[in-house]
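Residue numbers (numbering that gives the first Met the number 0): 0 to 381. Cβ atoms here follow ideal geometry from the backbone N, Cα and C, with glycine treated the same way. All remarks here apply to the structure that follows.
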Amino acid sequence: MVISSILITAPPAYSAPRPRAEEWWFGTWDIQDKVWPISTGRGVTVALLDSGVNAKLPDLRDAVLPGADIDAGKGDARTDSDDEENGHGTAMAALIAGRGTGTGMVGVAPEAKILPIRAQGGNAEIVEGIKYAVNHGAKVINISQGAPSPEWLGCDVITEKAVTYALDRDVIVVASAGNDGHEFNSPEYPALCPGILTVGAVDYLFKPWFKTQRQPYVAVAAPGVQTGSINRAGRFVPKWNGTSQAAALTSGVVALVRAKFPRMSGRELVQRIIASARDVGPSGRDDATGYGLVRPYHALVDKVAADAPNPVFSAWEKANAAATPTAPAVSPSQSGRSPQSAHSAKRSAVPAIFVGVGIVAVMVAIAIYAFIKRNNRRRVVR
0 MVISSILITA PPAYSAPRPR AEEWWFGTWD IQDKVWPIST GRGVTVALLD
50 SGVNAKLPDL RDAVLPGADI DAGKGDARTD SDDEENGHGT AMAALIAGRG
100 TGTGMVGVAP EAKILPIRAQ GGNAEIVEGI KYAVNHGAKV INISQGAPSP
150 EWLGCDVITE KAVTYALDRD VIVVASAGND GHEFNSPEYP ALCPGILTVG
200 AVDYLFKPWF KTQRQPYVAV AAPGVQTGSI NRAGRFVPKW NGTSQAAALT
250 SGVVALVRAK FPRMSGRELV QRIIASARDV GPSGRDDATG YGLVRPYHAL
300 VDKVAADAPN PVFSAWEKAN AAATPTAPAV SPSQSGRSPQ SAHSAKRSAV
350 PAIFVGVGIV AVMVAIAIYA FIKRNNRRRV VR
């Protein structure tokens with residue numbers, strides 16, 4: 000009698016090339032041994048609103064989808080237009096989804112896809128970029144750029160609507176906190192917009208980078224000091240610092256969690272990432288690191304209570320509620336006026352209201368344009 004046996008084995012763990020020695024966050028996050036056996040980001044598309052991506056580099060082979068060049072009005076953004084830093088968008092793409100097949104630069108979600116969107120002209124381009132990303136299959140949007148915004152101005156209406164457009168369609172938006180915390184420390188657009196998961200930068204000791212923005216809108220922190228990546232020429236640059244990198248790495252972590260929990264809502268995923276973060280600043284939330292250091296493994300395996308705080312979505316809901324106030328109807332008898340006198344009073348007030356609204360609108364438009372156009376550099380410091 001022949002006895003046959005069936006050997007049942009678990010699927011092999013992901014076997015990407017080892018990350019470069021300079022990629023210290025792989026050790027901090029235990030990516031290879033603990034995270035990749037659970038998730039590598041497969042099936043998740045991360046939109047990158049940046050300078051475009053050099054899709055021809057070996058490290059990004061098969062990682063970059065055709066996207067859109069919103070700044071130029073044509074093209075698929077699979078080239079990188081950044082001359083100042085020689086490829087900011089390419090560097091962010093590699094941090095997220097590098098394949099490790101050239102310089103050895105490996106992203107934290109090496110089986111995710113990148114949807115490149117060149118959108119740097121200002122808030123109008125950012126808004127169009129968000130909408131394009133949502134409409135073309137992205138489940139995560141990374142915005143590693145920003146500009147100072149007057150505190151009184153807050154998030155402009157069109158960007159608020161674009162963020163809502165994304166969140167309503169279950170797309171998570173991640174942005175960098177800003178890089179002038181050591182100087183003016185002004186609020187940054189679009190990081191200050193409610194509903195965005197905004198990320199500050201820490202070093203390998205989990206201490207806040209001295210330039211990371213200290214603002215109430217910071218939700219979490221991630222590695223952003225000595226976080227090297229490749230430039231658009233395919234050369235590895237080891238000494239980049241900035242919240243841009245912290246946001247990109249966090250977007251990669253979001254891709255990992257989305258791939259593990261494909262049916263989980265964006266709201267729950269953000270809640271999970273915040274709840275599993277490690278408190279690394281003063282006890283409790285602080286303006287430099289938010290609720291703490293993002294921890295991919297814990298975001299994948301921890302049990303998170305259904306009622307755990309979700310300040311990102313709570314702020315978004317509060318902003319939406321404030322944006323759509325409802326006023327009780329007042330009858331003529333309640334107002335003390337006859338229908339004719341009420342109508343006359345309303346009509347006489349219209350010109351003054353329009354003038355006031357017009358002046359405010361012009362001031363807001365000028366402020367937005369000046370700040371975005373003058374300061375839309377990302378300021379990644381080498």
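I need the straight-line Cα distance from D61 to G86, nearest angstrom please.
Here residue 61 refers to the residue found at position 62 of the sequence shown. Here residue 86 refers to the residue found at position 87 of the sequence shown. Cα atoms of D61 and G86: separation of roughly 18 Å, rounded to the nearest angstrom.
If we call anything under 8 Å between Cβ atoms a contact, is L248 one with P222?
In the sequence shown, the residue the question calls residue 248 occupies position 249. In the sequence shown, the residue the question calls residue 222 occupies position 223. Yes. Within cutoff.
How many whole angstroms separate the CB atoms of A245 and A218, which I take to be in contact at a CB cut-off of 8 Å?
Walking along the sequence shown from the start, residue 245 turns up at place 246. Walking along the sequence shown from the start, residue 218 turns up at place 219. No, A245 and A218 are not in contact; Cβ-Cβ is about 11 Å, not under 8 Å.
Neighbour-count burial assignment, K73, 16 or more Cβ in a 10 Å radius
What you label residue 73 is simply residue 74 of the sequence shown in a count that begins at 1. With fewer than 16 other Cβ atoms within 10 Å, it is exposed.
Integer-rounded CB distance, given that A276 should sit under 8 Å from Y290
On the sequence shown, residue 290 is found 291 positions in, with the first residue counted as 1. On the sequence shown, residue 276 is found 277 positions in, with the first residue counted as 1. With 8 Å as the limit, Y290 and A276 qualify as a contact, their Cβ atoms being about 5 Å apart.
Would you call the CB atoms of D58 and G99 closer than 8 Å?
Reading the sequence shown from its first residue, position 59 is the one you call residue 58. Reading the sequence shown from its first residue, position 100 is the one you call residue 99. Contact flag set, yes.
Reference P310, options K302, V300, A320 and R284, closest by Cα:
As a first step, residue 310 must be located in the sequence shown, where it is residue number 311. Nearest C-alpha to P310: R284.
Quick one: residues in its chain with C-beta nearer than 6 Å to the C-beta of D385, no 5 flanking neighbours on either side, listed in chain order?
For residue 385 there is no data in the structure shown, the boundaries of the chain being 0 and 381.
Alpha-carbon to alpha-carbon, P189 and K210:
Residue 210 sits at position 211 when you count from the first residue of the sequence shown. Residue 189 sits at position 190 when you count from the first residue of the sequence shown. Each residue's alpha carbon lies about 18 Å from the other.
Can at least three beta-carbon pairs, one atom from the region 177 to 188 and one from the region 261 to 268, be found at a separation below 8 Å?
No contact exists between the region 177 to 188 and the region 261 to 268.
Contact check, T39 vs K138 under 8 Å by CB: the rounded distance?
In the sequence shown, the residue the question calls residue 39 occupies position 40. In the sequence shown, the residue the question calls residue 138 occupies position 139. Rounded, the Cβ-Cβ distance is 15 Å, inconsistent with contact.
Taking 6 Å as the limit between beta carbons, can you name the residues of its chain near P18, skipping five residues before and five after?
Taking the first residue of the sequence shown as 1, we reach residue 18 at position 19. Once the five neighbours on either side are set aside, the close Cβ partners of P18 are F25 and V105.
If you scan the region 89 to 162 from start to end, which runs of the alpha helix (DSSP H) of 4 or more residues do you find wholly inside it?
122 to 134
Continuous alpha helix (DSSP H) stretch holding A320: start and end
Within the sequence shown, numbered from 1, the residue matching residue 320 stands at position 321. Element bounds for A320: P310 to A322.
My output table needs one value for F260: the three-state DSSP class, helix, strand or coil.
The residue labelled residue 260 in the question sits at position 261 within the sequence shown. For F260, the secondary structure class from DSSP, reduced to helix, strand or coil, is coil.
Candidates Q214, D202 and K206: which alpha carbon is nearest L191's?
Here residue 191 refers to the residue found at position 192 of the sequence shown. The option with the nearest alpha carbon to L191 is Q214.
List the endpoints of the continuous alpha helix (DSSP H) containing A298.
Locating residue 298 in the sequence shown gives position 299, counting from the first residue. A298 -> alpha helix (DSSP H) spans P295 to V300.
Output the distance between the C-alpha atoms of G145 and D29, rounded to the nearest integer angstrom.
Taking the first residue of the sequence shown as position 1, residue 145 is located at position 146. Taking the first residue of the sequence shown as position 1, residue 29 is located at position 30. Computed Cα separation, rounded: 30 Å.
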